[in-house]
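A short write-up of the structure that comes next.
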Amino acid sequence: MSNEPVGVLVIGAGASGAAFAWSIADAGMSVLCLDQGPWMKQRDYPSNGLDWEERGMGDFSTSPNVRGLPADYPVNEEDSDISPLMFNAVGGSTILWAAHFPRLTPKDFRMKSEDGVGEDWPIDYETLEPYFALNDRMMGVSGLEGDPAYPYHEPPLPPLPLGKSGNTLASGFEKLGWHWWPSDSAILSQEYEGREACINLGPCITGCAHGAKASTDITYWPVAQRKGVRVRANCRVREITVREDGMADGVLYYDEVGRLQEQKAEIVVLACNGIGTPRLLLNSKSKRHPDGLANSSGRVGKNLMFHPYAMITGIFEEPLQSRRGPMGCSFWSHEFYQTDRSREFVRGYSFEAIRGLGPVQTALWGMIHGLIPWGEDHHRSFARLYDHTATLLGIAEDLPEETNTVTLDAELTDAHGIPAPKVTYRLSENSRNMLAHAVERAKEALTAAGAVETVVDPLMRAAGWHLMGTARMGRNSTTSVVNERGQAHDVKNLFVVDGSVFVSAGAVNPTSTIQAFALYVADSIKKNIETLFDDA
Amino acid sequence: MMDTPAALNDLDFMKALLDLVIPPSASGDLPGAGALGLSPAVAEALQADPLLGPPVEVGVQAVQEAALSQHAEGLAGMTPEAGAKVVEALLATHPLLIVGILRYLSPAYYQHARVLEGIGEPPRPPFPEGFDIEATDAELLEKLRARRRA
Ligand SMILES: Cc1cc2nc3c(=O)[nH]c(=O)nc-3n(C[C@H](O)[C@H](O)[C@H](O)COP(=O)(O)OP(=O)(O)OC[C@H]3O[C@@H](n4cnc5c(N)ncnc54)[C@H](O)[C@@H]3O)c2cc1C
Ligand code: SF4
Numbered sequence: 000m001s002n003e004p005v006g007v008l009v010i011g012a013g014a015s016g017a018a019f020a021w022s023i024a025d026a027g028m029s030v031l032c033l034d035q036g037p038w039m040k041q042r043d044y045p046s047n048g049l050d051w052e053e054r055g056m057g058d059f060s061t062s063p064n065v066r067g068l069p070a071d072y073p074v075n076e077e078d079s080d081i082s083p084l085m086f087n088a089v090g091g092s093t094i095l096w097a098a099h100f101p102r103l104t105p106k107d108f109r110m111k112s113e114d115g116v117g118e119d120w121p122i123d124y125e126t127l128e129p130y131f132a133l134n135d136r137m138m139g140v141s142g143l144e145g146d147p148a149y150p151y152h153e154p155p156l157p158p159l160p161l162g163k164s165g166n167t168l169a170s171g172f173e174k175l176g177w178h179w180w181p182s183d184s185a186i187l188s189q190e191y192e193g194r195e196a197c198i199n200l201g202p203c204i205t206g207c208a209h210g211a212k213a214s215t216d217i218t219y220w221p222v223a224q225r226k227g228v229r230v231r232a233n234c235r236v237r238e239i240t241v242r243e244d245g246m247a248d249g250v251l252y253y254d255e256v257g258r259l260q261e262q263k264a265e266i267v268v269l270a271c272n273g274i275g276t277p278r279l280l281l282n283s284k285s286k287r288h289p290d291g292l293a294n295s296s297g298r299v300g301k302n303l304m305f306h307p308y309a310m311i312t313g314i315f316e317e318p319l320q321s322r323r324g325p326m327g328c329s330f331w332s333h334e335f336y337q338t339d340r341s342r343e344f345v346r347g348y349s350f351e352a353i354r355g356l357g358p359v360q361t362a363l364w365g366m367i368h369g370l371i372p373w374g375e376d377h378h379r380s381f382a383r384l385y386d387h388t389a390t391l392l393g394i395a396e397d398l399p400e401e402t403n404t405v406t407l408d409a410e411l412t413d414a415h416g417i418p419a420p421k422v423t424y425r426l427s428e429n430s431r432n433m434l435a436h437a438v439e440r441a442k443e444a445l446t447a448a449g450a451v452e453t454v455v456d457p458l459m460r461a462a463g464w465h466l467m468g469t470a471r472m473g474r475n476s477t478t479s480v481v482n483e484r485g486q487a488h489d490v491k492n493l494f495v496v497d498g499s500v501f502v503s504a505g506a507v508n509p510t511s512t513i514q515a516f517a518l519y520v521a522d523s524i525k526k527n528i529e530t531l532f533d534d535a
Numbered sequence: 000m001m002d003t004p005a006a007l008n009d010l011d012f013m014k015a016l017l018d019l020v021i022p023p024s025a026s027g028d029l030p031g032a033g034a035l036g037l038s039p040a041v042a043e044a045l046q047a048d049p050l051l052g053p054p055v056e057v058g059v060q061a062v063q064e065a066a067l068s069q070h071a072e073g074l075a076g077m078t079p080e081a082g083a084k085v086v087e088a089l090l091a092t093h094p095l096l097i098v099g100i101l102r103y104l105s106p107a108y109y110q111h112a113r114v115l116e117g118i119g120e121p122p123r124p125p126f127p128e129g130f131d132i133e134a135t136d137a138e139l140l141e142k143l144r145a146r147r148r149a
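Rendered as structure tokens:
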């Protein structure tokens, strides 16, 4: 392995790192990406075996603490109401994601102006629009054009079928006159760019063995590699190194056999997600940056936002084909998305209709909720639930709060001895009220759709899928970490392109916006390469 | 490594216990969990679980002792009704007993080919054949199209 200096060094090969690397390859600089995880093989995914659901609780769990694989680092979540979830591999968390692909709405970028809370973003929807569209084409997005909740956009592929469960749930929204729209989904409804259409396996969140779901190892990376970008898998970055003048000059990392290596670079780009990025910045202390790199504002690791989720499940008399089809991609509703001052919360939430559980998860879920007993009545109760449930997820907009943080744990380390992150997160009253509202409205929708009973999880603990806000962007260097182009205020050749930069969370899944931003940053570097470090 | 208590390794006893937890269905379409021979897998998984393993092992041991005090052959010799009473009587003092068993029994049982057939699923992994699903309701789609933003 050669550690020749490179032009651009990207850390993290997930959703944002892949999009960024693919685009920046056109700048004519050498591009290298390091990721602590391996390349995945579709033949190893759980849906190849009968034990697919069990493996989703083991080596393909969404929690790094449960998996504990060599690529994972532990996260101290003792002081958090929500467990942070992720996957560490080339492809990052898109290996496991559900591929539900909403964009933030235009108003989400103007939270302070609209509602007087949080901050406005220093960029807007219109600026990102061309990058949303480009990213939709690169990932292969299916959807129905014309959703009135958004400015007009056309997904490149027609929508995925709703299936019986989606049709049933949508009929409830229709009866109530509530907004609903088939999800934009980063899953193929038709053959596209050499990848085959979805065959409704169901367990997308343990990896798609069919390659119909867009994970960046099969979308961006092959094309980026053809452009000359190199990826070094199983390489964990310990810290970003700096020159005398405070500019970044590369990284120290552990290679696949655990040897400490040094890699120099002209530009360093962080794409390690909303937990990995602040962790790495805080671990990159130096004389010039004693509180961690790019942290003169003290905002690195602050303002952690998840999307708090409530899960409301309806039990129906009719069978719903519910475990078939892409689990997280059916339809969304923005009926309660905007602030309504008559409610006990500001901002709002969306609904995501999802499909049902497989047999193992049905049995465990039924047991936990006291719906499937042991003994004589077990089979009758199981049959009442299995294939007879459909679920709405209420996705609340979390407001940024300085007390919700990613810090370095004083004792916990990963396998290389690098300090692990500690997440401190408490659900705010605003979010709690929002979820309570979502639960009541979801019950109405499910009942209108024909549910005979509803079962509520008012706050899902294992739902920290969306990691945002911990290196936020802004124009003011005393209150933000990076500027509107993802460039660190303190270190001009250091960029952040993942969800850490989010100023607010919106009430929808973040990845479409994360990737659009990564493409925008790459483009702005390409356009401004001559003047990039001018005020350094 | 903790020593395996006798109860968790006693195949006849465990077969009887698992058949109480998930018995055969009345129609005969679904086998009892014990008859499927799942107890070694469940015992192994429990012993590897530092949280659920110890309380379940203690509970299982208590069931075995209580059953033996009532019947010379223990649980294996008792009727399902009598066996269920023995287990129920111990749940107050061993609240994690059934939850802990089901945590590992449910995956083992519901991914077994015979059980999948019994619940109406093809006894195969999802991949590579996949599944067909219903198309989006044409009437619903028409309504949406009428609401589209230009
Ligand atoms: C189960 C699940 C379901 C989800 N469903 C959805 C969904 O439906 N829709 C949606 O929009 N979002 C979803 N998400 C979230 C989505 O996956 C993330 O928003 C997205 O992947 C974030 O992209 P990223 O580039 O910021 O980070 P990631 O994709 O997480 O990639 C970060 C990469 O950085 C690497 N890394 C971290 N630290 C280091 C280091 N020190 N050295 C080297 N490498 C490092 C990691 O190994 C990882 O590969 C889901 C997530 C999960 C876990
Ligand atoms: S449902 Fe579709 S996208 Fe999901 S795993 Fe199956 S084939 Fe892949």
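Same order as they appear, the protein sequences are chains A and B. For the first sequence, numbering that gives the first Met the number 0 gives the first residue as 0, with consecutive numbering after it. For the second sequence, numbering that gives the first Met the number 0 gives the first residue as 0, with consecutive numbering after it. The beta carbon of each residue, even a glycine, is placed where N, CA and C say it ideally should be.
Reduced DSSP secondary structure (H/G/I, E/B, other) of residue 32 of chain A: In the first sequence, residue 32 of chain A corresponds to position 33, counting from 1. Of the three classes helix, strand and coil, the one that applies to residue 32 of chain A here is strand, per DSSP.
Proximal chain A residues relative to residue 148 of chain B, where beta-carbon distance stays under 8 Å: Taking the second sequence and counting its residues from 1, one reaches residue 148 of chain B at position 149. In chain order: 145, 146, 147, 149, 150, 151.
Under 9 Å by beta carbon: chain B residues contacting residue 366 of chain A: Stepping through the first sequence from its first residue, residue 366 of chain A is reached at position 367. Chain B residues near residue 366 of chain A: 97, 98, 101, 102, 105.
Below-8 Å beta-carbon distance, residue 499 of chain A vs any chain B residue: Translated into positions along the first sequence, residue 499 of chain A becomes position 500. Chain B, which has no Cβ nearer than 8 Å to the Cβ of residue 499 of chain A, makes this no.
CB of residue 34 of chain A within 8 Å of CB of residue 234 of chain A, strictly: Taking the first residue of the first sequence as position 1, residue 34 of chain A is located at position 35. Taking the first residue of the first sequence as position 1, residue 234 of chain A is located at position 235. A contact, by the Cβ cut-off of 8 Å.
Interface partners of residue 374 of chain A on chain B, CB under 8 Å: Reading the first sequence from its first residue, position 375 is the one you call residue 374 of chain A. Those within 8 Å of residue 374 of chain A in chain B are 19, 20, 22, 83.
Proximity of residue 176 of chain A and residue 22 of chain B at Cβ, strictly below 8 Å: Locating residue 176 of chain A in the first sequence gives position 177, counting from the first residue. Locating residue 22 of chain B in the second sequence gives position 23, counting from the first residue. Taking 8 Å as the Cβ cut-off, residue 176 of chain A and residue 22 of chain B do not qualify as a contacting pair.
Rounded straight-line distance, which links the Cα of residue 11 of chain B to that of residue 17 of chain B: To locate residue 17 of chain B, count along the second sequence from 1; it is residue 18. To locate residue 11 of chain B, count along the second sequence from 1; it is residue 12. Rounded to the nearest angstrom, the two C-alpha atoms are 10 Å apart.
C-alpha gap between residue 280 of chain A and residue 250 of chain A, whole angstroms: As a working note, residue 280 of chain A is residue 281 in the first sequence. As a working note, residue 250 of chain A is residue 251 in the first sequence. Residue 280 of chain A and residue 250 of chain A: Cα-Cα distance of roughly 11 Å.
Whether residue 513 of chain A touches residue 148 of chain A by CB criterion (8 Å): For the purposes of this step, residue 513 of chain A is identified with residue 514 of the first sequence, where counting begins at 1. For the purposes of this step, residue 148 of chain A is identified with residue 149 of the first sequence, where counting begins at 1. No, these two residues do not count as a Cβ contact at 8 Å.
Partners in chain B for residue 169 of chain A, counting only beta-carbon separations shorter than 8 Å: Residue mapping note: residue 169 of chain A aligns to position 170 of the first sequence, counting from 1. Correct list: 136, 139.
Inter-residue spacing [alpha-carbon to alpha-carbon] between residue 429 of chain A and residue 290 of chain A: As a position in the first sequence, residue 429 of chain A is number 430, starting the count at 1. As a position in the first sequence, residue 290 of chain A is number 291, starting the count at 1. Answer to the nearest angstrom: the Cα atoms are 31 Å apart.
Alpha carbon of residue 34 of chain B to alpha carbon of residue 14 of chain B, nearest angstrom: For the purposes of this step, residue 34 of chain B is taken as residue 35 along the second sequence, with counting starting at 1. For the purposes of this step, residue 14 of chain B is taken as residue 15 along the second sequence, with counting starting at 1. Roughly 6 Å separates the two Cα atoms.
Contacts that residue 125 of chain B makes with chain A (C-beta to C-beta distance below 7 Å): Your numbering for residue 125 of chain B matches position 126 in the second sequence. Under the 7 Å cutoff, chain A gives 46, 51, 200, 201, 202.
Residue 402 of chain A, buried or exposed, once every other Cβ within 10 Å from all chains shown has been counted against 16: Here residue 402 of chain A is taken as the residue at index 403 of the first sequence, counted from 1. When all chains shown are included, residue 402 of chain A counts as exposed.
Residue 326 of chain A beta carbon near ligand 1 (any heavy atom closer than 7 Å): To locate residue 326 of chain A, count along the first sequence from 1; it is residue 327. No, the Cβ of residue 326 of chain A stays beyond 7 Å of every heavy atom of ligand 1.
Chain-order list of residues whose beta-carbon lies under 8 Å from that of residue 264 of chain A (same chain, five-residue window excluded): For the purposes of this step, residue 264 of chain A is taken as the residue at position 265 of the first sequence. If we look at residue 264 of chain A and ignore the five residues flanking it on each side, its Cβ neighbours are 4, 5, 6, 7, 8, 31, 247, 248, 249, 250.
Contact test: residue 197 of chain A Cβ vs ligand 1 heavy atom, cutoff 7 Å: For this step, residue 197 of chain A is matched to residue 198 along the first sequence. Not under cutoff, so the answer is no.
Chain-ordered chain A contacts of residue 48 of chain B [CB-CB under 9 Å]: Numbered from 1 along the second sequence, position 49 holds the residue referred to as residue 48 of chain B. Within 9 Å Cβ-Cβ: nothing; residue 48 of chain B doesn't reach chain A, min ~12 Å.
Where residue 323 of chain A meets chain B, residues with beta-carbon distance less than 7 Å: Here residue 323 of chain A refers to the residue found at position 324 of the first sequence. Here the neighbours are 130, 132.
Same chain, Cβ closer than 6 Å to residue 433 of chain A, neighbours up to 5 away in sequence not counted: Reading the first sequence from its first residue, position 434 is the one you call residue 433 of chain A. Counting only Cβ-Cβ distances below 6 Å, and skipping sequence neighbours, we find 344, 348, 395.
The alpha helix (DSSP H) enclosing residue 238 of chain A, as first and last residue numbers: In the first sequence, residue 238 of chain A corresponds to position 239, counting from 1. From DSSP, residue 238 of chain A is part of no alpha helix (DSSP H) but of the beta strand (DSSP E) over 235-241.
Segment limits, beta strand (DSSP E) that includes residue 231 of chain A: In the first sequence, counting from the first residue as 1, residue 231 of chain A sits at position 232. Looking at the DSSP string, the run of the beta strand (DSSP E) that includes residue 231 of chain A is 229-231.
Near ligand 2: residue 212 of chain A beta-carbon under 7 Å from a heavy atom: Start at 1 with the first residue of the first sequence, and residue 212 of chain A comes out as number 213. Residue 212 of chain A: yes, Cβ under 7 Å from ligand 2.
Under 8 Å between C-beta atoms of residue 406 of chain A and residue 388 of chain A: For the purposes of this step, residue 406 of chain A is identified with residue 407 of the first sequence, where counting begins at 1. For the purposes of this step, residue 388 of chain A is identified with residue 389 of the first sequence, where counting begins at 1. In this structure, residue 388 of chain A does not lie closer than 8 Å to residue 406 of chain A by Cβ.
Counted within 10 angstroms of its Cβ, other Cβ atoms place residue 2 of chain B as buried (16 or more) or exposed: Taking the second sequence and counting its residues from 1, one reaches residue 2 of chain B at position 3. The predicted position of residue 2 of chain B is uncertain, since its pLDDT is 48 and thus under 50; a value taken from the coordinates is nonetheless stated next. Exposed: under 16 other Cβ atoms inside 10 Å.
CA-to-CA distance, residue 56 of chain A to residue 317 of chain A, given in whole angstroms: If you number the first sequence from 1, residue 317 of chain A lands on position 318. If you number the first sequence from 1, residue 56 of chain A lands on position 57. Whole-angstrom Cα-Cα distance: 29 Å.
Residue 529 of chain A (DSSP reduced to helix, strand or coil): Taking the first sequence and counting its residues from 1, one reaches residue 529 of chain A at position 530. If DSSP states are grouped into helix, strand and coil, residue 529 of chain A belongs with coil.
Residue 367 of chain A - containing beta strand (DSSP E), residue span: As a first step, residue 367 of chain A is located in the first sequence; it is residue number 368 there, counting from the start. Looking at the DSSP string, residue 367 of chain A is not in any beta strand (DSSP E); the run it does join, the alpha helix (DSSP H), is 358-367.
CB contact check: residue 163 of chain A to chain B, cutoff 8 Å: Indexing the first sequence from 1 puts residue 163 of chain A at position 164. Yes, residue 163 of chain A lies at the interface with chain B (some Cβ there is under 8 Å from its Cβ).
Range covered by the beta strand (DSSP E) that runs through residue 262 of chain A: In the first sequence, residue 262 of chain A corresponds to position 263, counting from 1. Counting along the chain, the beta strand (DSSP E) containing residue 262 of chain A begins and ends at 259-269.
Given residue 151 of chain A as reference, the closest of A:168, A:183, A:491 once Cα atoms are compared: Looking up residue 151 of chain A in the first sequence gives position 152. Answer by Cα proximity: A:183.
Separation of residue 96 of chain B from residue 90 of chain B, as counted between CA atoms: Here residue 90 of chain B refers to the residue found at position 91 of the second sequence. Here residue 96 of chain B refers to the residue found at position 97 of the second sequence. About 7 Å.
8 Å Cβ cutoff met for residue 329 of chain A and residue 362 of chain A: As a first step, residue 329 of chain A is located in the first sequence; it is residue number 330 there, counting from the start. As a first step, residue 362 of chain A is located in the first sequence; it is residue number 363 there, counting from the start. No, they are not a contact pair.
Chain A residues whose Cβ lies nearer than 8 Å to that of residue 142 of chain B: Counted from its first residue, the second sequence places residue 142 of chain B at position 143. Chain A residues near residue 142 of chain B: 173.
Buried or exposed (CB count within 10 angstroms, at least 16 for buried), residue 528 of chain A: As a position in the first sequence, residue 528 of chain A is number 529, starting the count at 1. Flag for residue 528 of chain A reads exposed.
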